[in-house]
Ligand SMILES: [Zn+2]
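Numbering (the numbering used here), first residue to last: -2 to 272.
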């Protein structure tokens, strides 16, 4: 794959399928990659929605369950995928990010012995992950992504990072916590991030909390505390990013039953682990 004039070209050097969404803004220089799920019935239904001017929603790419890619907006043009959102010093992430939507039914509800989507389709146990979202306290059922979707997403993300020098890959739930849950626990975001940023887990600095510590959606006390927090004293964490005295951390042990709780804490209340 490669990028030419802000359009994606596939491995045989043919342009990826392009449908021009009217839901778009002006020019931008992307700094971030944002991963979403569509919560839709099919890639086609989601593309049709993004082609509708009344939707006032779009993404740069939609990736179907078979791994097929459709581009709707050039990568140097604002797509309307993020809504109200914040990441470090940036807000309104549509102006700073490339958005990829993965065809997926999203959060499912228990129905008899299986699960059902909001649009009425039934799913069996082998299509579903039961897990707690890291910003939530209850277990939910999540439609699994396909191996083809994940592989295609890794490949596209690698090309986008190389071409645009992107700084990070995040979930919609990272930049709009509380408001959005996609792509949720079924998407291997931490693995994708380590791969793109060249980090191995054992290379990230580790620390422990010295007190019961609030964990927030952004680097400052003006940001909301996350539902799963506070982190108990002596919680081991990995340092993902720094902003002044604030540290973006991932808890290495479950916090109130939530695995991989990630957010911002004040760095004064962290110390190097013993041993
Ligand atoms: Zn989203």
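Cβ atoms here follow ideal geometry from the backbone N, Cα and C, with glycine treated the same way.
Option nearest residue i by Cα separation, candidates the options
i, options, result
"residue 155", "132, 97, 140", "97"
"residue 270", "243, 56, 204, 26", "204"
"residue 31", "173, 44, 261, 217", "173"
"residue 89", "169, 108, 69", "169"
"residue 77", "33, 251, 113", "33"
Own chain, CB closer than 6 Å to residue i, minus 5 neighbours either side, in chain order
i, result
"residue 124", "141"
"residue 137", "104"
"residue 253", "225"
Cβ separation of residue i and residue j, assumed to be a contact under 8 Å, to the nearest whole Å
i, j, result
"residue 233", "residue 210", "Rounded, the Cβ-Cβ distance is 12 Å, inconsistent with contact."
"residue 273", "residue 222", "Residue 273 lies beyond the range of the chain shown here (-2 to 272); nothing can be said about it."
"residue 66", "residue 149", "6 Å"
"residue 22", "residue 91", "7 Å"
Cβ shell of residue i (< 7 Å), same chain only, five flanking positions each side left out
i, result
"residue 24", "73, 74"
"residue 43", "35, 37, 59, 98, 100"
"residue 7", "-2, 13"
"residue 143", "62"
"residue 164", "28, 29"
Residue i vs residue j beta-carbon contact at 7 Å
i, j, result
"residue 29", "residue 93", "yes"
"residue 5", "residue 95", "no"
"residue 176", "residue 257", "no"
"residue 71", "residue 139", "no"
"residue 102", "residue 114", "yes"
"residue 83", "residue 260", "no"
Contact set for residue i: own chain, Cβ-Cβ below 8 Å, skip 5 residues either direction
i, result
"residue 264", "239, 242, 243, 244"
"residue 198", "Low per-residue confidence applies at residue 198: pLDDT is 48, beneath 50, and the placement is therefore not dependable, though the value from the model is reported in the following sentence. These residues qualify, in order along the chain: 191, 235."
"residue 135", "129"
Enclosing alpha helix (DSSP H) for residue i [first to last residue]
i, result
"residue 149", "144 to 161"
"residue 46", "40 to 47"
"residue 245", "That residue, residue 245, is in no alpha helix (DSSP H); its beta strand (DSSP E) goes 243 to 248."
"residue 188", "186 to 194"
Residue interval of the beta strand (DSSP E) (run including residue i)
i, result
"residue 171", "Counting along the chain, residue 171 falls outside any beta strand (DSSP E), though it belongs to the alpha helix (DSSP H) covering 169 to 172."
"residue 218", "Where residue 218 is concerned, there is no enclosing beta strand (DSSP E), given that its DSSP letter is neither H nor E."
"residue 70", "Per DSSP, residue 70 belongs to no beta strand (DSSP E) and is neither H nor E."
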